[in-house]
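J.:
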Amino acid sequence: MSDWKTRAVTPQQALSVVKSKDQVFLHGAAAAPLALEAALCEREELAEVNLYHIHVEGNAPFAEPHLAKQFRSYSFFTGANVRKAVNEGRADF
């Protein structure tokens with residue numbers, strides 16, 4: 001069995017493959033990848049990335065108003081952290 005540490009990458013390295021207009025599935029609930037969500041939101045060059053997910057834990061930074069041109073949230077189960085974006089028309093369910 002090979003050593004997993006030799007294959008591990010940073011969140012930024014893992015997300016370097018995401019490009020504008022991609023469609024990305026985020027795992028939800030207690031398995032929501034908070035570090036990956038944060039790293040994705042740091043990618044200012046991205047535009048029109050669709051994020052599909054069930055309820056995600058944490059702040060859901062991708063649903064913030066200043067990131068509306070970068071990300072569109074499609075929630076299969078909308079929690080409180082995405083509800084405002086849905087109500088304001090910046091996200092869908």
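Residue numbers (the working numbering): 1 to 93.
Note that the Cβ used here is the ideal one computed from N, Cα and C, for glycine as well.
Is residue 75 helix, strand or coil by DSSP?
T.: Against the sequence shown, residue 75 aligns to sequence position 75. Strand.
J.: Return the first residue and the last residue of the beta strand (DSSP E) that residue 26 is part of.
T.: Here the question's residue 26 lines up with position 26 in the sequence shown. Taken as a continuous stretch (DSSP letters only), the beta strand (DSSP E) holding residue 26 covers 23-26.
J.: Go through its chain and collect everything with a Cβ distance to residue 96's Cβ below 6 Å, but skip five positions before and after it.
T.: In the structure displayed, the chain extends from 1 to 93; residue 96 sits before or after that span and is not available.
J.: Kindly indicate which residue of 21, 22, 61 and 32 has the alpha-carbon position closest to the one of residue 42.
T.: Position 42 of the sequence shown holds residue 42. Out of 21, 22, 61 and 32, 61 has the C-alpha closest to the C-alpha of residue 42.
J.: According to DSSP, is residue 50 part of a helix, a strand, or is it coil?
T.: For the purposes of this step, residue 50 is taken as the residue at position 50 of the sequence shown. Note: residue 50 maps to strand in three-state DSSP.
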